[in-house]
Each structure stands twice: as structure tokens, then as C-alpha cells.
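Structure record follows, encoded as C-alpha cells.
Number of protein chains: 2
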Amino acid sequence: MVLVEAPERTGEERNAAESVVAALAARFGNRLATARSVREQHGNTTTWIENQPPDAVVFAQATEDVQEVVRLCAKHRVPVIAFGTGTSLEGQVNAPRGGICLDFRDMNRVLEVHAEDLDCVIEPGVTRKQLNEYLRDRGLFFPIDPGADASLGGMAATRASGTNAVRYGTMKDNVLALKAVLANGEVVTTARRAKKSSAGYDLTRLIVGSEGTLGIITELTLKLSGIPEAISSGICPFPSVEAACNATILAIQSGIPVARIELLDALQVRASNNYSKLDLPETPMLLLEFHGSQASVAEQSERFGEIARDLGGGPFDWATRAEDRTRLWQARHDAYWAQCALRPGARALASDVCVPISRLAECVTETQRDIAASGLLGPIVGHVGDGNFHVGVLVDLNDRDEVVRVEAFLERLVDRALAMDGTCTGEHGVGQGKMKYLKAEHGETALDAMRAIKRALDPLDILNPGKIVSL
Amino acid sequence: MVLVEAPERTGEERNAAESVVAALAARFGNRLATARSVREQHGNTTTWIENQPPDAVVFAQATEDVQEVVRLCAKHRVPVIAFGTGTSLEGQVNAPRGGICLDFRDMNRVLEVHAEDLDCVIEPGVTRKQLNEYLRDRGLFFPIDPGADASLGGMAATRASGTNAVRYGTMKDNVLALKAVLANGEVVTTARRAKKSSAGYDLTRLIVGSEGTLGIITELTLKLSGIPEAISSGICPFPSVEAACNATILAIQSGIPVARIELLDALQVRASNNYSKLDLPETPMLLLEFHGSQASVAEQSERFGEIARDLGGGPFDWATRAEDRTRLWQARHDAYWAQCALRPGARALASDVCVPISRLAECVTETQRDIAASGLLGPIVGHVGDGNFHVGVLVDLNDRDEVVRVEAFLERLVDRALAMDGTCTGEHGVGQGKMKYLKAEHGETALDAMRAIKRALDPLDILNPGKIVSL
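Those protein sequences? They're chains A and B, same order as listed.
Position 162 of the first sequence, counted from 1, bears residue number 162 in the numbering used here, the numbering being contiguous throughout.
Every position in the second sequence, counted from 1, becomes a number in the numbering used here once 471 is added.
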């Protein structure tokens with residue numbers, strides 16, 4: 001476990017937390033949990049950052065519950081941490097100073113679907129798969145697909161994206177409006193259902209990606225897309241990462257509206273071959289998906305095949321049959337488990353960076369060299385249309401020396417991305433794990449502005465303190 | 472002229488402004504202008520809001536100039552107002568409390584074009600047409616097209632959009648990063664060139680649409696698009712506004728990636744027939760444009776034609792020849808002049824609202840009825856794919872009674888849009904003209920949050936005071 005510095009709580013802080021827990025117990029009965037196991041499940045569980053459990057968990061059922069908890073916590077200056085499915089990767093749900101975790105499991109209703117407007121209104125605990133199940137019969141879908149079946153409240157809070165982002169954007173592009181409880185307990189509605197507006201500051205996009213530090217999301221209005229008439233998927237080997245990246249650049253430049261374009265490096269292909277019983281050549285590989293009419297996906301596939309061939313790649317093998325598509329994307333979605341299986345007993349640590357696409361090949365290749373030179377094993381998968389990639393570096397947490405080498409490697413990974421005009425995280429967010437990089441990425445003036453905004457909206461620093469920026 | 476309440480400046484305020492102007496004159500020489508005519512050109516000139524000129528105009532040449540002006544103004548608590556081309560429609564560049572106008576005319580260089588990354592870095596005074604001229608030979612374009620040949624700094628500041636927004640989004644979707652001078656004179660860089668990021672609060676989208684009240688934009692990194700291989704345009708009459716709106720909804724629902732879909736109501740068609748020497752049937756009309764491959768635009772056009780026919784519209788007349796396209800879109804772009812020509816001597820006041828597309832037909836139809844019942848003339852054009860429309864209501868500014876009727880009509884227009892879950896402005900922004908509607912649209916909590924953010928970033932209220940929110 002990697003420790004995140006958390007100052008010992010004062011006696012006063014502990015007393016305040018105890019008062020709040022007692023008051024909440026009286027109010028919420030069995031919707032409040034204080035059992036150690038439940039609290040630990042609500043701290044960080046998905047990476048190597050240590051688990052820092054909250055003092056209690058409240059299972060909210062309505063916006064009013066959230067307001068009550070926030071008001072009580074504000075009165076006693078006790079932290080409040082919003083929790084969706086706990087699948088964030090940078091310690092976003094940890095409670096380094098204790099406090100109350102608000103679990104949105106029970107706020108999981110789809111409230112409205114407006115098919116003509118291509119939008120819906122939901123509670124924050126609805127997960128992306130649940131929403132898509134709900135929408136399927138209406139011919140609609142919500143395109144953002146991080147690896148986990150995350151809650152949509154959490155996805156908005158961390159500005160998540162996934163494999164469809166190259167065509168459909170990220171959460172910032174697909175949240176039309178939010179309802180959120182602010183640090184003073186008031187409910188803010190950030191926008192109307194109109195598709196665009198110039199009416200004042202963009203509170204929607206200020207809260208998207210703020211990881212529960214500026215407000216707690218209790219309702220979301222999301223943009224939806226029509227399920228395409230036709231979908232075609234394909235897989236294409238390349239002689240090098242560079243050739244695969246160049247094919248991606250050309251495809252996008254020439255206006256092929258690719259829906260998904262994912263890179264697997266040779267090591268990831270080996271891992272996926274073993275784990276998903278595939279028989280792919282162990283060379284850099286692109287997985288693609290095209291959405292459109294029958295004629296349009298056929299044309300897109302053919303044009304991509306030509307681009308690949310010109311760059312020494314191919315053959316581009318494409319299939320529009322649903323079962324072939326499923327097999328292919330299942331292997332992509334199982335990339336993490338395939339990584340873990342490469343070295344039983346080790347854990348794959350998912351870290352992500354994002355660079356301008358023109359620098360991607362260079363960034364991935366240098367990273368591969370660094371992994372090798374560090375004596376590590378780290379398959380790479382990338383949302384290559386966005387310049388975003390993930391290294392699943394394998395680490396034995398009991399091997400202190402290896403942990404140190406992995407930490408140093410991750411720092412170099414971020415430094416490399418920043419040197420190429422990139423960002424320390426394309427989609428996982430900051431949480432606790434990436435706070436230390438924000439100054440290098442944004443500079444002191446931007447951090448000061450972020451802190452000023454945080455102080456303005458949460459002067460007591462009760463909303464998920466110790467994440468993104470410290471006051 | 473419609474008066475905007477501006478408290479008389481105190482003697483102290485006037486003295487402070489005089490000191491600043493004297494210091495700036497010494498520093499900037501003939502790059503400072505105080506002539507009345509120049510100052511008036513830099514106040515509001517494009518709507519009926521009264522002209523409120525600044526005390527002086529500085530023609531900035533570099534970010535450092537802006538920092539100097541802001542620091543000096545901060546020291547003396549004198550307002551600073553950023554100015555692009557002065558084409559904003561709600562009094563955004565007015566100086567109700569005097570102060571220094573920063574004109575970005577001379578900061579008009581395209582600094583970098585990254586063709587592989589589909590982005591560019593520019594100074595804020597570059598206009599949209601200038602940028603597209605510059606990009607044309609590279610096969611790239613910037614899609615956002617408000618009516619005027621506005622500066623891109625101003626377009627970002629007002630969160631502008633235009634006819635391409637249905638496919639390419641608005642300024643919020645096409646600004647990757649900004650450099651801005653904050654109220655304390657420091658320069659903030661809001662993001663890197665990576666296409667997506669989850670690294671902290673979204674300062675980019677906080678500044679986009681903030682109309683110079685949170686920071687003064689001195690550099691922009693913009694997303695570009697490849698010029699499509701083929702473009703096809705068409706025009707399609709409908710028996711009613713409702714049928715035209717329903718065709719739009721169906722086209723979008725069925726996944727036709729329409730690039731432009733513009734509504735002209737029957738009165739606008741009449742105005743355009745007269746002004747642009749066309750011979751169109753005087754009935755609601757959709758103008759469309761499709762972007763893609765040759766095969767894809769042909770398919771899109773055919774599919775739209777079928778949808779139109781099913782709804783009693785058509786025939787859909789489409790043309791891919793550049794000169795036919797130009798004639799058609801020229802008429803659309805001349806809509807404003809066509810409106811003015813309907814009633815010589817009167818002025819067309821452009822106001823915009825935006826509603827969920829399912830409510831658009833109802834909103835437009837009720838608005839037409841209201842116009843008629845008010846004894847006014849007001850052609851309507853709409854970016855109908857976004858639910859956004861403009862009424863160009865004609866007013867004789869010397870007719871006091873008519874001015875009063877128009878004001879009342881505009882209030883009802885906003886009330887109507889808000890009642891349909893819409894916004895008081897889809898793309899023109901707030902400025903002075905729409906401040907009074909923000910409370911009804913967003914509620915007091917959201918306005919308080921906006922004010923808290925404004926106070927946090929501009930505690931002395933020197934950046935474009937009296938716009939969006941009052942402290």
C-alpha cells in the first residue's frame with residue numbers, strides 16, 4: 001500500500017465526527033452504517049493507495065437527505081464524501097480526515113427520458129449499464145463507457161470517458177445539466193434542458209470533474225445518442241506503434257467518423273491472447289468500430305483498410321456480425337484481467353496520461369523503453385484517437401523495491417506526458433494520487449484560481465477535502 | 472435607445488480613471504486613444520442598448536500589455552473591458568462605469584497550426600474568417616460561425632455558436648485551452664493541448680462564456696476540423712413550422728449527421744425573396760447542409776428527402792455545386808439585412824432563446840402569434856437542430872410606444888422559453904441586456920454561486936463590471 005499523507009485528526013475533529021454520527025444515527029436509523037467492513041468498502045479499494053475509511057456511511061434516498069447530511073456536517077465542520085460504485089482509481093472516495101460518506105446506491109432511478117430531445121434525467125446512482133439496459137428498447141444509448149460499470153454521478157464527478165470518446169466526447173460533453181447540493185446545503189440547478197446556452201458561467205462544467213469537492217451531484221440531465229443503424233468492428237495489426245498511431249491520425253484527419261479506435265501494444269496482445277483465447281499476431285494492434293448507416297460503415301471500413309495498408313499495416317479484418325463484435329470488444333474490456341494474468345500474484349496498476357495525438361507514438365514508445373529499462377512488466381492499451389493511454393504496470397505490493405521502482409516509473413510517465421504538452425490524467429481524475437502533479441501541469445496561477453474557487457464555494461473545506469487541491 | 476441603469480460615477484472614481492489614463496498615455500503613446508469617436512465605437516453599437524463609452528482605449532500588442540493595464544487598473548480600481556470586433560448583441564462591451572477598453576485588433580496572429588492534432592494556437596483578435604482563410608490550404612477549418620466576422624477571443628468570451636453547432640458544437644466544445652490575464656494581473660493557462668483531461672477544475676469552460684468578467688483572454692488553443700471531402704446543401708419547404716421541426720427531430724434521431732439545419736419562417740422567406748432576389752414559396756423552409764464523403768452526403772440527402780416527404784414537406788432540392796451552395800447560404804447570412812429591408816427606417820433587433828427541440832415548434836408558433844397580436848413585424852430564423860431561434864423584431868426607435876411594445880414582447884419571449892425548460896439566450900450571451908432574466912432562469916442559489924466565483928477571482932470587480940452578475 002502506498003500511503004497518502006493524512007495529518008492525525010485532532011480530538012476536536014474526532015468529537016465533531018462522533019456528534020454528527022450520533023445525530024445521523026437518530027435520523028437515518030438503518031440507513032446509516034458504521035461497521036468497519038462497510039466503512040472500509042467505502043474507502044479506496046481499487047488501487048494501491050491505502051484505504052482511509054469514513055466514520056459512517058449514509059445511504060441517501062433523496063436530495064433532501066443529502067442536504068440534511070451536508071448541513072449537519074457544515075455545522076460541525078465534518079467532511080462529506082460522495083460515493084457511487086467506488087471504482088475510481090486515484091483514491092477519490094478516501095476519507096483522509098474521516099467524515100460521512102454519502103452512498104448513492106439507492107438513488108438509482110431513471111426519472112425522465114425525452115426521446116425527441118435525446119436526453120434523460122436520472123439519479124446519480126444509476127450505472128452506465130443500467131441506463132443502457134433501460135434505454136435499449138427506445139433505440140437510444142449513452143455512449144460514455146469507462147472500464148467499470150460506474151455510477152453516472154461518479155462518472156460526471158471524475159469527468160470520465162472511455163472507448164467512445166473519440167466520437168461522442170467525454171462526460172463534459174454529455175452532461176447537459178446537474179442538480180447538486182452545495183457546501184451550504186442549498187441545491188443548485190446548473191442549467192436547463194436546452195441543448196446550448198450562453199446564460200452565465202458554466203456551472204455544469206465546473207462541477208463535472210470536480211470530484212465532489214464543489215458540490216454533491218444529486219441529479220443529472222444527460223445527452224443521449226440514437227443507437228446506430230449499423231455498427232462494424234474490425235481489428236488491424238501494424239508493424240509498429242508508430243504506424244498504428246499514424247493510421248489513427250490519418251483516419252481522423254480524413255474525416256472518417258470513427259466511433260472507437262483502440263491500441264493494444266504487443267505485450268497487451270500477448271496477454272489478451274492468453275487470457276481471452278485469441279490467436280492474434282503479437283504486434284501492435286488497432287481495434288476499431290464504425291457507427292452509421294449500412295453503406296456508411298462499409299465505406300468507413302474500406303477507407304480505413306486503405307489507410308492501414310498504405311502504412312504497412314493490415315490486413316484489416318472487419319466484421320459486422322454482433323457475435324464477432326462482442327468477442328472482440330470483450331477481449332478489450334478484459335484487458336485488465338489479461339494484464340493481471342500475465343504475472344499471477346501481482347496487481348496491475350492502471351495509470352493514464354493523455355498527449356496531443358502527434359506525440360502519442362513517441363510517448364508510448366519511450367514509455368515501453370522505460371518499462372523495460374526499469375525491469376517492469378506493463379502492457380499498454382490506449383484510446384488512441386484521443387491521445388490517451390493506460391499503462392497496466394504489474395507490481396507485487398509485498399516487494400518494497402519493486403514498489404519504489406513503479407512509483408519512479410509513474411512519475412517519469414507523467415513528466416514525459418507533460419513535456420509533450422499533455423496532461424497527467426486523461427480520464428481517471430486527480431483524487432489523491434495525482435494531486436502532486438497539478439502544479440507542474442497547470443502552474444501556480446491556475447492552482448491559485450482553483451483554490452480560490454474551492455474556497456468561494458466551500459469555505460469550510462468539508463466537501464471531499466484533501467482531493468484535487470488542498471486549502 | 473434603451474437605457475441601462477448605470478449609477479453616476481463618484482468624483483473619486485473619475486479621478487482614479489483620470490490617473491490611469493494619464494499613466495497609460497505615458498506608457499502606450501499613440502496606442503492609447505481618448506477621442507470621443509473612438510471611445511464611442513468601443514461602447515455598445517449593435518443593439519438598442521445605449522452607448523456607454525470607456526474613458527480610453529488601449530490597443531494591446533502582447534499579453535504583457537494586458538497585464539500592465541490590468542495591474543494599473545487594479546491599483547486604482549478602474550474597470551477593464553476586453554474588446555474584439557464589437558459585434559456582441561447584448562451590450563457586452565459597454566462601459567457603464569467607464570474604465571479602460573483593451574482592443575485586441577493588433578493581436579491577430581495565428582501562432583501555431585498542428586495539422587496532425589487538428590488544433591491551432593492564436594491570438595484573440597484573429598477573426599473567424601481570417602482564421603479560415605489561413606487554414607484553407609491546409610485542408611482544415613474552424614466551424615463556429617456566428618453572423619458577424621467576430622474575433623475568436625470575443626466568440627470564446629460570449630460562448631458563441633452559429634449554424635454549424637448542431638454537428639460541431641459551440642465555442643465551449645471547440646476551445647481546448649486559453650491563456651488569460653486574471654484580475655490580479657497574473658497569467659493563467661487553463662489547459663494543455665491534450666484532447667481531453669481530468670486534471671482538476673475546468674478553468675477553460677469557466678472562462679468561455681464569462682464575457683471578460685473573470686479573466687481577459689490573450690491566447691486560444693482551438694480544435695479544428697478537416698474540410699469535408701464533399702458538401703451538399705439543400706432547401707426544403709414545409710406546410711408548417713411544426714412539420715419542419717418534426718423533420719429536424721426525426722433526422723437527428725435517426726442519426727443523419729446533419730452539419731447545418733436552419734429554419735426560415737414564412738415571413739423570413741418573404742424578406743429573403745425580396746432582398747436576395749430569390750423565388751422561394753413563402754412557407755416555412757429548412758436549409759440544410761451535409762458533410763462527408765461523396766457517397767455519404769448523397770445518402771444523407773436522400774434520407775432527409777424521405778423524412779421530409781413523409782411529413783408533407785418537400786420537394787427537397789439539393790445541390791452539391793459550390794456556386795449553388797454559396798447562393799443559398801448567402802441568403803441565409805443576409806437574413807438580418809433582409810429583415811431590415813422589410814421596413815425601411817426600422818431596425819431589426821436580434822434576440823435569441825433556446826428550448827428543448829421537442830418544444831421548438833410550439834415556442835416558434837406561439838411567438839409568431841404574439842408578434843402578430845402585438846402589432847409587430849418579426850421574421851424568425853433558427854438553428855433548429857439545437858432548438859435555438861432568433862427573432863429579428865423590427866422597431867422604429869423614435870416610436871416610443873413601439874419600443875415599449877417590443878420590450879414587453881421580448882420579456883414574454885424569454886418567459887415562454889423558460890417555461891419550456893429553455894434558456895434566455897442560446898448564443899448571444901448575457902451582457903447587460905439579459906442580466907434581468909438570470910434569476911428566473913437559474914434561481915438564486917446558482918446566481919449566488921456565480922457571484923461567489925466572480926468575487927473569488929475578481930474581488931475588486933474591475934473586469935467588465937455590470938455584466939452577467941452584479942456584486
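Note that the Cβ used here is the ideal one computed from N, Cα and C, for glycine as well.
Neighbourhood of L182 (chain A) by C-beta distance below 7 Å, restricted to the same chain and skipping five residues each side: Position 182 of the first sequence, counted from the first residue, corresponds to residue 182 (chain A). Closer than 7 Å at Cβ, skipping near neighbours: V188, G215, L457.
Environment of D574 (chain B) [buried if 16+ CB atoms lie within 10 Å]: What you label residue 574 (chain B) is simply residue 103 of the second sequence in a count that begins at 1. When all chains shown are included, D574 (chain B) counts as buried.
Burial state of I64 (chain A) (16 or more Cβ within 10 Å): Here residue 64 (chain A) refers to the residue found at position 64 of the first sequence. With the sequence shown as reference, residue 64 (chain A) is identified as Glu, and Ile is not the correct amino acid for it. Exposed is the call here.
Members of the segment 658 to 678 of chain B that neighbour chain A once the beta carbon cut-off is set at 8 Å: V658, V659, T660, T661, A662, R663, R664, A665, K666, K667, S668, S669, A670, G671, Y672, D673, L674, R676, L677
Residues from the segment 894 to 912 of chain B in contact with chain A, defined by Cβ distance under 8 Å: T894, C895, T896, G897, E898, H899, G900, V901, K905, Y908, L909, E912
D644 (chain B) in three-state terms, based on DSSP: Along the second sequence, one-based indexing puts residue 644 (chain B) at 173. D644 (chain B): helix per DSSP, three-state reduction.
Chain A contact for D418 (chain B) (CB, 9 Å cutoff): Absent from the model: residue 418 (chain B). The displayed extent of chain B is 472 to 942, so no value can be given.
Three-state secondary structure assigned by DSSP to R871 (chain B): By one-based count along the second sequence, residue 871 (chain B) stands at place 400. Correct three-state label for R871 (chain B): helix.
Interface flag, E116 (chain A) vs chain B, CB-CB below 9 Å: In the first sequence, the residue the question calls residue 116 (chain A) occupies position 116. By this cut-off, E116 (chain A) is an interface position.
Given A319 (chain A) as reference, the closest of A:C354, A:S351, A:G234 once Cα atoms are compared: For the purposes of this step, residue 319 (chain A) is identified with residue 319 of the first sequence, where counting begins at 1. When each option's Cα is compared against that of A319 (chain A), the closest is A:G234.
The segment 166 to 184 of chain A touching the segment 199 to 213 of chain A, judged by at least three CB pairs closer than 8 Å: yes
Residue-chain proximity (E366 (chain A), chain B), Cβ-Cβ < 9 Å: Taking the first sequence and counting its residues from 1, the one referred to as residue 366 (chain A) is at position 366. With 9 Å as the cut-off, E366 (chain A) does not count as an interface residue toward chain B.
Beta strand (DSSP E) segments (min. 3 residues) lying fully within the segment 790 to 841 of chain B: 818 to 825
Alpha carbon of V395 (chain A) to alpha carbon of L413 (chain A), nearest angstrom: The residue labelled residue 395 (chain A) in the question sits at position 395 within the first sequence. The residue labelled residue 413 (chain A) in the question sits at position 413 within the first sequence. V395 (chain A) and L413 (chain A): Cα-Cα distance of roughly 16 Å.
For H76 (chain A) and D55 (chain A), the rounded distance between their alpha carbons: Against the first sequence, residue 55 (chain A) aligns to sequence position 55. Against the first sequence, residue 76 (chain A) aligns to sequence position 76. Each residue's alpha carbon lies about 14 Å from the other.
Straight-line gap, E521 (chain B) to S845 (chain B) (C-alpha atoms, nearest Å): Residue 521 (chain B) sits at position 50 when you count from the first residue of the second sequence. Residue 845 (chain B) sits at position 374 when you count from the first residue of the second sequence. Going from the Cα of E521 (chain B) to the Cα of S845 (chain B) covers about 24 Å.
Chain B residues whose Cβ lies nearer than 8 Å to that of E229 (chain A): Residue mapping note: residue 229 (chain A) aligns to position 229 of the first sequence, counting from 1. Neighbours of E229 (chain A) on chain B, chain order: S725, G726.
Alpha carbon of L176 (chain A) to alpha carbon of T505 (chain B), nearest angstrom: Locating residue 176 (chain A) in the first sequence gives position 176, counting from the first residue. Locating residue 505 (chain B) in the second sequence gives position 34, counting from the first residue. Each residue's Cα considered, the two are about 44 Å apart.
Which listed residue (A:S232, A:A446, A:V391) has its alpha carbon closest to that of P475 (chain A): Any question about residue 475 (chain A) goes unanswered here, given that chain A covers just 1 to 471.
Beta-carbon gap between A440 (chain A) and C363 (chain A) smaller than 9 Å: Against the first sequence, residue 440 (chain A) aligns to sequence position 440. Against the first sequence, residue 363 (chain A) aligns to sequence position 363. Contact: no.
Buried versus exposed, by CB contacts within 10 Å (16 or more), A566 (chain B): Taking the second sequence and counting its residues from 1, one reaches residue 566 (chain B) at position 95. Under this definition A566 (chain B) is a buried residue.
Coarse secondary structure for T692 (chain B), derived from DSSP in three states: Indexing the second sequence from 1 puts residue 692 (chain B) at position 221. Reduced to three states, the DSSP call for T692 (chain B) is strand.
Alpha helix (DSSP H) segment containing L135 (chain A), residue limits: For the purposes of this step, residue 135 (chain A) is taken as the residue at position 135 of the first sequence. Looking at the DSSP string, the run of the alpha helix (DSSP H) that includes L135 (chain A) is 128 to 136.
Identity of the residue in A:C245, A:S293, A:E323, A:R105 nearest V381 (chain A) by Cα: Here residue 381 (chain A) is taken as the residue at index 381 of the first sequence, counted from 1. Considering only alpha carbons, the answer is A:C245.
Residues from the segment 283 to 306 of chain A in contact with chain B, defined by Cβ distance under 9 Å: H291, G292, S293, A295, S296, E299, Q300, R303
Inter-residue Cα distance where the pair is L602 (chain B) and F612 (chain B): Numbered from 1 along the second sequence, position 131 holds the residue referred to as residue 602 (chain B). Numbered from 1 along the second sequence, position 141 holds the residue referred to as residue 612 (chain B). Between L602 (chain B) and F612 (chain B), the C-alpha separation is close to 8 Å.
For M420 (chain A) and K905 (chain B), the rounded distance between their alpha carbons: Numbered from its first residue, the second sequence carries residue 905 (chain B) at position 434. Numbered from its first residue, the first sequence carries residue 420 (chain A) at position 420. Approximately 42 Å, taken between the alpha carbons.
Unbroken alpha helix (DSSP H) run spanning N935 (chain B), endpoints: Here residue 935 (chain B) is taken as the residue at index 464 of the second sequence, counted from 1. Where N935 (chain B) is concerned, there is no enclosing alpha helix (DSSP H), given that its DSSP letter is neither H nor E.
Members of the segment 387 to 398 of chain A that neighbour chain B once the beta carbon cut-off is set at 8 Å: G387, N388
Contact residues within the segment 450 to 461 of chain A, judged by C-beta distance below 7 Å to chain B: M450, A452, I453, R455, A456, L457
R876 (chain B) - partner residues in DSSP beta bridges: One-based indexing of the second sequence puts residue 876 (chain B) at position 405. DSSP output for R876 (chain B) lists no bridge partner at all.
Three-state class that DSSP yields for R472 (chain A) in the structure shown: Residue 472 (chain A) lies beyond the stretch modelled for chain A, which goes from 1 to 471, so this question has no answer here.
Nearest-angstrom Cβ-Cβ length linking F238 (chain A) and P284 (chain A), presumed shorter than 8 Å: Here the question's residue 238 (chain A) lines up with position 238 in the first sequence. Here the question's residue 284 (chain A) lines up with position 284 in the first sequence. Right, their Cβ atoms sit about 5 Å apart.
Contact list for C354 (chain A) against chain B, beta-carbon separation under 8 Å: Position 354 of the first sequence holds residue 354 (chain A). In chain order: A665, K666, K667, S668.
Residue range of the beta strand (DSSP E) that includes S233 (chain A): Taking the first sequence and counting its residues from 1, the one referred to as residue 233 (chain A) is at position 233. Residues 230 to 237.
Where E480 (chain B) meets chain A, residues with beta-carbon distance less than 9 Å: Indexing the second sequence from 1 puts residue 480 (chain B) at position 9. Here residue 480 (chain B) turns out to be Arg, not Glu, going by the sequence shown. What R480 (chain B) touches in chain A: nothing, since even the nearest Cβ is about 26 Å away.
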